[in-house]
Amino acid sequence: MQVDWQPDCSIEHLRLRAQTLANIRRFFANRSVIEVETPLLGQSIGTDPQLEFFTTQYFLPPSQQNLFLQTSPEFAMKRLLAAGSGSIYQICKSFRNGEVGRFHNPEFTMLEWYRVGFDLRQLMDEIADLIGKLFAGKLSGDTESLSYQEVFLRFTGLDALDFHYENYCAYSMANNLPEAVSICGYDHATWLDFLFSHKVQPHLGAHNLSMVYGYPACQSSLARVNKYDARVVERVELFINGIELGNGYYELLNADEQSQRFDNEIAIRQQKNLPSVNKDWRLISALESGLPDCSGVAIGIDRLLMLLSNSSSIKEVLSFSVSRA
Numbered sequence: 001m002q003v004d005w006q007p008d009c010s011i012e013h014l015r016l017r018a019q020t021l022a023n024i025r026r027f028f029a030n031r032s033v034i035e036v037e038t039p040l041l042g043q044s045i046g047t048d049p050q051l052e053f054f055t056t057q058y059f060l061p062p063s064q065q066n067l068f069l070q071t072s073p074e075f076a077m078k079r080l081l082a083a084g085s086g087s088i089y090q091i092c093k094s095f096r097n098g099e100v101g102r103f104h105n106p107e108f109t110m111l112e113w114y115r116v117g118f119d120l121r122q123l124m125d126e127i128a129d130l131i132g133k134l135f136a137g138k139l140s141g142d143t144e145s146l147s148y149q150e151v152f153l154r155f156t157g158l159d160a161l162d163f164h165y166e167n168y169c170a171y172s173m174a175n176n177l178p179e180a181v182s183i184c185g186y187d188h189a190t191w192l193d194f195l196f197s198h199k200v201q202p203h204l205g206a207h208n209l210s211m212v213y214g215y216p217a218c219q220s221s222l223a224r225v226n227k228y229d230a231r232v233v234e235r236v237e238l239f240i241n242g243i244e245l246g247n248g249y250y251e252l253l254n255a256d257e258q259s260q261r262f263d264n265e266i267a268i269r270q271q272k273n274l275p276s277v278n279k280d281w282r283l284i285s286a287l288e289s290g291l292p293d294c295s296g297v298a299i300g301i302d303r304l305l306m307l308l309s310n311s312s313s314i315k316e317v318l319s320f321s322v323s324r325a
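No gaps in the numbering here: position 194 of the sequence shown is 194 in our numbering, and each next residue is one more.
Here it is, written out as structure tokens:
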């Protein structure tokens, strides 16, 4: 039987991937940030209701156990930080179920790093340094840093930190997005995600790196709350040519607050009839023992390669996408 066995990407793009990974490793080696590996198969998984995951059965007769392919190495890397690793980075595979398309493959490559002693601004400076080296001569503009509130107001006229359902509904109806009302309901975070992706993100990073920081507290993830404004969390996202590249935090250190956030997300999963999960007690215990003051960020390598190679689809930079795996 004849089948199409050829790779999705060109050999030129294989070489680009290899060179990019070598450049990333050189960048961190020069800064004495050590490379680590953590399990891709874990006993726990994140609680984020926006992410679906893969499960598998681990058989050790006479017992069996559910294990999870990790959506991110974040929790395990934080356990290393709490154990005294110092600043670390990792290049690894991550897995997210149900995600496929121009910018998505269920199995993808992630760069994640944590800098002990860095606040969010210092991390943003390092991100700009890395992107500058990887994209040398390919970006025409200077790196820009914009607050979420500022950029949301610029492109929608709405205040991201002050949610008024009627105003958001009126905007969506006036801008040919009537479906937003039924999709988002009265949930502020869902409104922000929907409007940001449709009306803000396409304008970000036109031939330059754009970093949006100061996310609304309803989109807190694992970031700490801003000490001057409780409506804002210390989170940053990265964009080039309207493509989201990464997500970073000034990391939350408080174990009780993190446990409560997990509980809130688990409750949302139950309300939406999503697969049930348990909070990662090993991460909570690591936070209780003391996570050092640090900032961290995760960047999608495949999307990075799309931009470096001017590719229109993630398939063009993968050896084998899920349809040919």
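Beta carbons: idealized from backbone N, C-alpha and C, even for Gly. Computed from a predicted structure; not experimentally measured.
Under the three-state reduction of DSSP, Cys169 is assigned to helix. The continuous alpha helix (DSSP H) containing Glu288 extends over residues Trp281 to Gly290. The shortest CA-to-CA distance from Lys272 to any of Gly101, Pro7 and Gln50 is the one to Gln50. Within the same chain, Cβ atoms closer than 6 Å to the Cβ of Ser210 are found at Glu144, Leu204 and Phe239, the five residues on either side in sequence being excluded.
Annotation for Lys315: Asp8 and Ser321 place their beta carbon closer than 6 Å to its own, counting only its chain and skipping 5 residues before and after. Per DSSP, Gln201 lies in no alpha helix (DSSP H) segment and is marked neither H nor E.
In the displayed model, Tyr250 falls within a strand according to three-state DSSP. Using a Cβ-Cβ distance cut-off of 8 Å, the region 107-125 and the region 260-278 are not in contact, since fewer than three pairs of beta carbons, one from each stretch, lie closer than that value. Beyond the five residues adjoining it in sequence on each side, Gly248 comes within less than 8 Å, by CB distance, of Leu120, Leu123, Met124, Ile127, Arg235, Val236, Glu237, Leu238, Ser295, Gly296, Val297 and Ala298 in the same chain, given in chain order.
Spatial neighbours of Gly300 in its own chain (CB-CB distance under 7 Å, excluding positions within 5 residues in sequence) are listed in chain order as Phe108, Met110, Leu245 and Gly246.
Annotation: Arg115 is outside any alpha helix (DSSP H); the continuous beta strand (DSSP E) that includes it extends over Glu107 to Val116.
Just so you know, the alpha carbons of Ile183 and Ala170 end up roughly 15 Å apart. In the three-state reduction of the DSSP assignment, Lys133 falls in the helix class, which pools H, G and I. According to the DSSP secondary-structure assignment, Arg102 is paired through a beta bridge with no residue. Contact between Met1 and Val36 fails: their C-beta atoms lie close to 43 Å from each other, not under 8 Å. For Glu12, the closest of Gly46, Ser311 and Ile131 by C-alpha to C-alpha distance is Ser311. The shortest C-alpha to C-alpha distance from Met306 to any of Gly242, Gly117 and Pro73 is the one to Gly242.
In this structure Phe95 is buried. Its beta-carbon is surrounded by 16 or more other beta-carbon atoms within 10 angstroms. By the criterion of a C-beta distance shorter than 8 Å, Ile88 is surrounded in its chain by Val33, Ile34, Glu35, Val36, Met77, Leu80, Leu81, Trp113 and Tyr114, once the five residues flanking it on both sides are discounted.
The DSSP assignment places 54-60 and 63-69 as complete runs of the beta strand (DSSP E) inside the region 11-88, in order along the chain (cut-off: 3 residues).
In the three-state scheme derived from DSSP, where H, G and I count as helix and E and B as strand, Gln122 is classed as helix. Counted as a single uninterrupted DSSP element, the beta strand (DSSP E) harbouring Met211 occupies residues Leu209 to Pro216.
Here the region 186-206 lies against the region 152-161, with 3 or more beta-carbon pairs under 8 Å apart. Residue state for Val297 is assigned as strand, using DSSP reduced to three classes.
For Leu153, the enclosing alpha helix (DSSP H) covers residues Tyr148 to Thr156. Gln65 is the residue among Ala18, Thr20, Gln65 and Asp293 whose C-alpha sits nearest the C-alpha of Leu41. Nearest neighbour of Ala18 by Cα position, chosen from Ser323, Gly117 and Leu308, turns out to be Leu308. In the DSSP assignment, Ala223 is bridged to Glu251. Of Arg224, Arg231 and Asn264, the smallest CA-CA separation from Glu251 is found for Arg224. Going by DSSP, Leu195 is part of no beta strand (DSSP E) but of the alpha helix (DSSP H) stretching over His188 to Leu195. When DSSP states are grouped into helix, strand and coil, Cys92 belongs to the strand group.
The beta-carbon separation of Ala255 and Leu287, rounded to 4 Å, stays under the 8 Å limit for a contact.
Sorting Asn23, Leu158 and Leu130 by C-alpha distance to the C-alpha of Tyr148 places Leu158 at the top. Take the alpha-carbon of Phe135 and the one of Leu21: they are about 13 Å apart.
Looking at the DSSP output, Leu307 shares a beta bridge with no other residue.
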